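Visitor: The structure follows.
In full-length UniProt numbering, the protein residues as written are 1 to 176.
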């Protein structure tokens, strides 16, 4: 399913999502992010939605190397683990959990096989989709330290938000 097909599969009540799908992936909306970063963010976000049609459309739409594809899959997967764990640590009322070591392997974060800041942007978008504030704070700090602007951060989040909304609309239609 190409991006055009994905847009046409969206129902009329998701008109804003259709319009936003084209805008968030357009070259003029990158806010200083490289094409590779945008491709990776879009792929990782698509994987995080777990929606086959969204994943297929984004995979066909972006021009990404196998390294970026692998890193996007890794970001979506390791954040699925980290977002659950760190959301728990953040939300549970017992502060002792924050003092305990996670004891979870996450070596890919230190060695993602692509530009580290691009991987952090992917992880940020996935963490936003998964709703982990603690992880979002950590990734924002890393990308800002790496030279990404607030507009670049916002672009990463907008990509994740729009792809999440597209998957939501498709799930609503499948269920009704």
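Note that CB positions come from ideal geometry on N, CA and C, so glycine has one too.
Quantities reported herein were computed from a predicted structural model and do not represent experimental measurements.
Express the C-alpha separation of residue 56 and residue 93 in angstroms, rounding to a whole number.
Guide: Walking along the chain shown from the start, residue 93 turns up at place 93. Walking along the chain shown from the start, residue 56 turns up at place 56. The straight-line gap from Cα to Cα measures roughly 40 Å.
Visitor: Cα-Cα, which of 158, 107, 61 is closest to residue 74?
Guide: Position 74 of the chain shown, counted from the first residue, corresponds to residue 74. With distances taken between Cα atoms, residue 74 lies closest to 107.
Visitor: CA-CA distance, residue 33 and residue 120?
Guide: Counted from its first residue, the chain shown places residue 33 at position 33. Counted from its first residue, the chain shown places residue 120 at position 120. Approximately 12 Å, taken between the alpha carbons.
Visitor: Between the Cα of residue 164 and the Cα atoms of 45, 23, 26, 6, which residue gives the shortest distance?
Guide: By one-based count along the chain shown, residue 164 stands at place 164. When each option's Cα is compared against that of residue 164, the closest is 45.
Visitor: Run through DSSP, which three-state label would residue 51 get?
Guide: Residue mapping note: residue 51 aligns to position 51 of the chain shown, counting from 1. Residue 51: coil per DSSP, three-state reduction.
Visitor: Label residue 11 either buried or exposed according to how many other C-beta atoms from any shown protein chain fall within 10 Å of its C-beta, with 16 as the threshold for buried.
Guide: Taking the chain shown and counting its residues from 1, the one referred to as residue 11 is at position 11. With fewer than 16 Cβ atoms within 10 Å of its Cβ, residue 11 is classed as exposed.
Visitor: Only counting the same chain, and skipping five residues up and downstream in sequence, which positions put a Cβ closer than 7 Å to that of residue 102?
Guide: Here residue 102 refers to the residue found at position 102 of the chain shown. Same-chain partners within the cutoff: 85.
Visitor: Excluding sequence positions up to five away, which residues of its chain have a Cβ less than 8 Å from the Cβ of residue 117?
Guide: Here the question's residue 117 lines up with position 117 in the chain shown. Same-chain partners within the cutoff: 37, 142, 143, 146, 147, 148.
Visitor: Do residue 123 and residue 109 come within 9 Å of each other at the CB atom, strictly closer than that value?
Guide: Looking up residue 109 in the chain shown gives position 109. Looking up residue 123 in the chain shown gives position 123. Cβ atoms of residue 109 and residue 123: closer than 9 Å.
Visitor: In or out: residue 35 buried (at least 16 other Cβ within 10 Å) or exposed?
Guide: Position 35 of the chain shown, counted from the first residue, corresponds to residue 35. So residue 35 ends up on the exposed side.
Visitor: Among 156, 151, 62, 83, whose alpha-carbon lies nearest the alpha-carbon of residue 130?
Guide: Reading the chain shown from its first residue, position 130 is the one you call residue 130. When only C-alpha atoms are compared, the closest one is 83.
Visitor: Apart from the five residues just before and just after residue 158, which ones in its own chain have a Cβ nearer than 7 Å to its Cβ?
Guide: Residue mapping note: residue 158 aligns to position 158 of the chain shown, counting from 1. Closer than 7 Å at Cβ, skipping near neighbours: 24.
Visitor: Which of the three DSSP states is assigned to residue 130 in this structure?
Guide: One-based indexing of the chain shown puts residue 130 at position 130. Residue 130 falls in the helix class under three-state DSSP.
Visitor: Measure the CB-CB distance between residue 53 and residue 125 and report whether it falls below 9 Å.
Guide: Stepping through the chain shown from its first residue, residue 53 is reached at position 53. Stepping through the chain shown from its first residue, residue 125 is reached at position 125. The answer is no: Cβ separation not under 9 Å.
Visitor: In angstroms, rounded to a whole number, what distance separates the CA positions of residue 162 and residue 13?
Guide: Sequence index remark: in the chain shown, residue 162 carries index 162 (1-based). Sequence index remark: in the chain shown, residue 13 carries index 13 (1-based). The straight-line gap from Cα to Cα measures roughly 14 Å.
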